[in-house]
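So the sequence lines, in the order shown, correspond to chains Z and V. Each residue of the first sequence is one higher than the last, beginning at 23 in my numbering. Each residue of the second sequence is one higher than the last, beginning at 25 in my numbering. Below is one structure, written out as structure tokens, with a few remarks after it.
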Amino acid sequence: MTSMPASAAPSPASGKSKYTLSAKLPDATLHKWLRDLMLIREFELKTMAAYQQAKIGGFCHIYIGQEAVVVGTFGAVNHDDPVVTAYRDHGHALARGMSARACMAEMFGKAAGCAKGKGGSMHMFDKPNWLFGGHGIVGAQTALGTGLAFAARYEYEVLKTGPKKVCLSYMGDGALNQGCFHEAQNLAGLYSLPVIFIVENNGYSMGTSIERGTTMAHNLCLKAAGYGIDAIQIDGMDVMSLYDQFKPFADKCRAEQRPGFVDLKTYRYQGHSMSDPQKYRTKEEVAKFQERDTIMTLSNYLLNERKSLSEAEYQKIQADVRDEVKDSVEFSENAPVPELSELYTDVYAEPMPNLSPSGEYTHGAKNPLL
Amino acid sequence: MPQLTLVQAINLALAQEMEADPRIIILGEDVGKNGGVFRVTEGLQARFGADRVVDSPLAESGIMGSAIGLAMAGLRPIPEIQFEGFLGPAYDQLTNHAARYRTRSRGAVTIPMTVRVPVGGGIHAPELHSDSPEAIYAHTPGLKVVMPASPYDAKGLLISAIRDPDPVVFFEPKRIYRAFREEVPEEEYTVPIGKAKVVETGSDLTIVSWGASVLQCIEAMDKLPEDISVELIDLRTIYPFDQDAIIESVQKTGRCVVVQEAPKTCGMASEIATVVQEHCFLHLKAPVQRVCGFDTVMPYYKLELEYLPNAERILEAVMSCAAY
Ligand SMILES: Cc1ncc(C[n+]2csc(CCOP(=O)(O)OP(=O)(O)O)c2C)c(N)n1
Ligand SMILES: [Mg+2]
Numbered sequence: 023m024t025s026m027p028a029s030a031a032p033s034p035a036s037g038k039s040k041y042t043l044s045a046k047l048p049d050a051t052l053h054k055w056l057r058d059l060m061l062i063r064e065f066e067l068k069t070m071a072a073y074q075q076a077k078i079g080g081f082c083h084i085y086i087g088q089e090a091v092v093v094g095t096f097g098a099v100n101h102d103d104p105v106v107t108a109y110r111d112h113g114h115a116l117a118r119g120m121s122a123r124a125c126m127a128e129m130f131g132k133a134a135g136c137a138k139g140k141g142g143s144m145h146m147f148d149k150p151n152w153l154f155g156g157h158g159i160v161g162a163q164t165a166l167g168t169g170l171a172f173a174a175r176y177e178y179e180v181l182k183t184g185p186k187k188v189c190l191s192y193m194g195d196g197a198l199n200q201g202c203f204h205e206a207q208n209l210a211g212l213y214s215l216p217v218i219f220i221v222e223n224n225g226y227s228m229g230t231s232i233e234r235g236t237t238m239a240h241n242l243c244l245k246a247a248g249y250g251i252d253a254i255q256i257d258g259m260d261v262m263s264l265y266d267q268f269k270p271f272a273d274k275c276r277a278e279q280r281p282g283f284v285d286l287k288t289y290r291y292q293g294h295s296m297s298d299p300q301k302y303r304t305k306e307e308v309a310k311f312q313e314r315d316t317i318m319t320l321s322n323y324l325l326n327e328r329k330s331l332s333e334a335e336y337q338k339i340q341a342d343v344r345d346e347v348k349d350s351v352e353f354s355e356n357a358p359v360p361e362l363s364e365l366y367t368d369v370y371a372e373p374m375p376n377l378s379p380s381g382e383y384t385h386g387a388k389n390p391l392l
Numbered sequence: 025m026p027q028l029t030l031v032q033a034i035n036l037a038l039a040q041e042m043e044a045d046p047r048i049i050i051l052g053e054d055v056g057k058n059g060g061v062f063r064v065t066e067g068l069q070a071r072f073g074a075d076r077v078v079d080s081p082l083a084e085s086g087i088m089g090s091a092i093g094l095a096m097a098g099l100r101p102i103p104e105i106q107f108e109g110f111l112g113p114a115y116d117q118l119t120n121h122a123a124r125y126r127t128r129s130r131g132a133v134t135i136p137m138t139v140r141v142p143v144g145g146g147i148h149a150p151e152l153h154s155d156s157p158e159a160i161y162a163h164t165p166g167l168k169v170v171m172p173a174s175p176y177d178a179k180g181l182l183i184s185a186i187r188d189p190d191p192v193v194f195f196e197p198k199r200i201y202r203a204f205r206e207e208v209p210e211e212e213y214t215v216p217i218g219k220a221k222v223v224e225t226g227s228d229l230t231i232v233s234w235g236a237s238v239l240q241c242i243e244a245m246d247k248l249p250e251d252i253s254v255e256l257i258d259l260r261t262i263y264p265f266d267q268d269a270i271i272e273s274v275q276k277t278g279r280c281v282v283v284q285e286a287p288k289t290c291g292m293a294s295e296i297a298t299v300v301q302e303h304c305f306l307h308l309k310a311p312v313q314r315v316c317g318f319d320t321v322m323p324y325y326k327l328e329l330e331y332l333p334n335a336e337r338i339l340e341a342v343m344s345c346a347a348y
């Protein structure tokens, strides 16, 4: 699903109030949101194409449909608030400020990738942008979020070296069922740590619908209640209304240095991964969510209602993101693969001399440390 | 006799055992409706019902623990863990509980459970989806560990595992799930746990390997000079492994190369080398060689082929061992 020019589509009145938090944001902020949403969408479309051409290996989980989640929630916090997420992480990386080149090259397994081509699609790391990784073990990152929040509170209260922060710990609805998540919540509740568990509730964990996978699917907030964690359910298909609800919630967690839980209803338009026959849902269901597509809604609002963006400016954004993504693909295609010696680096801080099978190993990498 | 892939052979074994024994229950993520990530359990839920092929939430610790409970009560659970890396969350249940109940209860409580787990690299997947942790579980008293390298053995070994009175970790090398077909008898048969297979007989040197690496060994052997005669042993069971077969072979050949995909240090190759020096010392004409992965995290796919033992590396080890 490409983002069609919003003006070409009939423009239903969005009914947006002028007085919401998001409507009061400067034009530049909202235009940046639109650009980020469109960048992620375009990036993912080109990622799918590259995957189909076997330029990307391994597993690849596409974020299309869920873009509003990262753009709206990141928009509500500070750049130095730490973030962890699961493996559906390209959107998080881009919205946090990673260049399309570093993100794409990582998936191509190239040395110029954000993790030197060592992590791949599921493992986007960007420490300068406070992104502490995509994670391949479902649910495991939730406890890391608890730890990052612990550190932030410690720095603020004990070391007095940092501001009040809040950690955003993203997870899929499937991760609700992992034991680790419950331990993470209990710790966060017990110690009162400023971590917000954001469930990107797209309704499915691979082929398992949420109703088949978890209890209290109708009201996930009940799960957090058991840990004394404030919880809120937010519709995640519209970036502005998402922000309007999330911003005060995040502000409160920050101010009171308490944990939070967000059941963020969203939807992935594509399959779970690039190899998913999608027998578990109907085309009509997908279409129902696409009708509320966040790019369509936001561009409609900016072009037709708020009138802060001209058609030409909209086209320019579209062209810019296309160029940026096209450039990232070309860059990644031409970028060198990691040196063979990279097999032995980054395992320990201290170089280890005996990581390779033998010093005489000549076919391929020779351990440079030997 | 039908020509089956490894996936089909496993599916057939599961179906036939379930037909024969109503105590068997399969549980795991997407094993039912979807037939599993690798479609190994395809069609089983339709055939045996959702009570016996149970779609579970995303919860490895819960899956493993529940399976152990089922086994304690006398059922025959077959949990599936989607990839070897996801054994992590289930590790406590598997090693601290399943492995130890027979001992802890002085034989009163036993765990006849077969844990099916795709294993190993070579499918362009990242770490956690490409690892070879068999030695970790072989190093856990109370667990049996099996890894077939062919469709025929997969069916026979799985049936043995299911009927075994103790917990078995059944590793399925995902690289060869659909790599080739082989004649697999329609009727049920068993391949004994603890027995290696001599794939090729020879007199000058013994190669010991298991899982997908066996195929690389065969490839290497095809490139050998005519005058070197190599015996290839497919270990098949990682624990309890067939020491007799290895000892007998190396006492005959006097030379041994062990090939494994897993990191080198403290792998099964190290254990096998030790057994060889303990029992074949006076027969050895050369030090035992190991061709292994590296002591690093399994690399992302651009470097994957550098990591996995390939025919070239195996050949080189064989030649240098032979020339020692
Ligand atoms: C511990 C663990 N178990 C299983 C998997 C395999 N797996 C990867 S994604 C996934 C579904 C996760 O669904 P959800 O958390 O809802 O995230 P979504 O894919 O919807 O973004 C599964 C079962 C895994 N990566 N880690
Ligand atoms: Mg989901």
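The beta carbon of each residue, even a glycine, is placed where N, CA and C say it ideally should be.
| Asked | Found |
| --- | --- |
| Just by C-beta distance, which residues in the region 35-58 of chain V are closer than 8 Å to chain Z? | E53, D54, K57, N58 |
| So which residues on chain Z does K326 (chain V) lean against when the C-beta distance must stay under 7 Å? | G131, G139, V359, P360 |
| Can you list, in chain order, the residues of the region 91-109 of chain Z whose Cβ is nearer than 8 Å to any Cβ on chain V? | none |
| Are three or more beta carbon pairs between the region 170-186 of chain V and the region 168-177 of chain Z nearer than 8 Å? | no |
| If you pair each beta-carbon of the region 152-168 of chain V with each one of the region 185-197 of chain V, do three or more pairs fall below 8 Å? | yes |
| Reducing DSSP to helix, strand and coil, say where L242 (chain Z) ends up. | coil |
| Among V:G291, V:I271, V:V282, which has the Cα closest to the Cα of C304 (chain V)? | V:I271 |
| Could you confirm whether any beta carbon from chain Z is found closer than 9 Å to the beta carbon of V141 (chain V)? | no |
| Please report the straight-line C-alpha distance between E372 (chain Z) and M238 (chain Z), rounded to a whole angstrom. | 48 Å |
| Using the three-state DSSP reduction, which class does D246 (chain V) fall into: helix, strand or coil? | helix |
| Kindly list, in the order they appear in chain V, the residues whose Cβ is closer than 8 Å to that of H145 (chain Z). | P150 |
| Touch check for the region 70-87 of chain Z and the region 332-342 of chain Z: three-plus C-beta pairs under 8 Å? | no |
| By how many angstroms is the C-alpha of A297 (chain V) removed from the C-alpha of L256 (chain V)? | 15 Å |
| Helix, strand or coil for A117 (chain Z), going by three-state DSSP, please let me know. | helix |
| Which runs of the alpha helix (DSSP H), 4 residues or longer, sit entirely within the region 277-320 of chain Z? | 305-312 |
| Which residues, in chain order, does the region 156-169 of chain Z contribute to contact with chain V at a C-beta distance below 7 Å? | G158, I159, V160 |
| Please classify G52 (chain V): does DSSP put it in a helix, a strand, or coil? | strand |
| Tell me which residues of the region 279-298 of chain Z have at least one Cβ-Cβ distance to chain V shorter than 8 Å, keeping chain order. | none |
| List the residues of chain Z whose Cβ lies closer than 7 Å to the Cβ of L181 (chain V), in chain order. | The contacting residues do not exist; L181 (chain V) stays about 28 Å from chain Z at best. |
| Using a Cβ-Cβ cut-off of 8 Å (strictly less than) and excluding sequence neighbours within five positions of H385 (chain Z), which residues of its own chain qualify? | Low per-residue confidence applies at H385 (chain Z): pLDDT is 41, beneath 50, and the placement is therefore not dependable, though the value from the model is reported in the following sentence. Around H385 (chain Z): no qualifying Cβ. |
| Less than 8 Å separating the Cβ of Y226 (chain Z) from some heavy atom of ligand 1? | yes |
| Please check if any C-beta of chain Z sits within less than 9 Å of the C-beta of D246 (chain V). | no |
| Starting from I102 (chain V), follow its DSSP beta bridges and name the residues at the other end. | V:I50 |
| Give the C-beta separation of A74 (chain V) and G56 (chain V) to the nearest angstrom, bearing in mind that I take them to be a contact with Cβ-Cβ under 8 Å. | 6 Å |
| Name, going along the chain, the residues of the region 64-91 of chain V whose beta-carbon falls closer than 9 Å to a beta-carbon of chain Z. | D79, S80, P81, L82, A83, E84, S85, G86 |
| Considering only their Cβ atoms, is the gap separating N199 (chain Z) from G87 (chain Z) smaller than 9 Å? | no |
| Helix, strand or coil: which one does DSSP assign to Y109 (chain Z)? | coil |
| Beta-carbon within less than 6 Å of A117 (chain Z)'s beta-carbon, same chain only, minus the 5 sequence neighbours each way: which residues are those? | D58, V92, V93, F96 |
| Check whether the Cβ of R260 (chain V) sits closer than 8 Å to any heavy atom of ligand 2, and report yes or no. | no |
| Tell me which residues share the same chain as E108 (chain V) and place their Cβ nearer than 6 Å to its Cβ, disregarding the 5 neighbours each side in the sequence. | V141, V143, D155, P157 |
| Which of the three DSSP states is assigned to N223 (chain Z) in this structure? | strand |
| So what does E355 (chain Z) bridge to, in DSSP terms? | For E355 (chain Z), which the question treats as bridged, DSSP gives no partner whatsoever. |
| Mind checking the region 226-248 of chain Z against chain V and listing, in chain order, the residues whose C-beta falls within less than 8 Å of any C-beta there? | S227, M228, G229, T230, R234, G235, T236 |
| Given this structure, state the Cα-to-Cα distance separating M26 (chain Z) from A122 (chain V), to the nearest angstrom. | Interpretation of M26 (chain Z) is limited by its pLDDT of 47, a score under 50 that renders its predicted location unreliable; no figure is taken from the coordinates. |
| Between the region 224-255 of chain V and chain Z, which residues of the former have CB atoms less than 8 Å from a CB of the latter, in chain order? | none |
| Can you tell me whether P32 (chain Z) is helix, strand or coil according to DSSP? | Confidence in P32 (chain Z) is poor, its pLDDT being 44 and thus under 50, which makes the residue's placement unreliable; the coordinate value appears in the next sentence. DSSP places P32 (chain Z) in coil when its eight states are reduced to three. |
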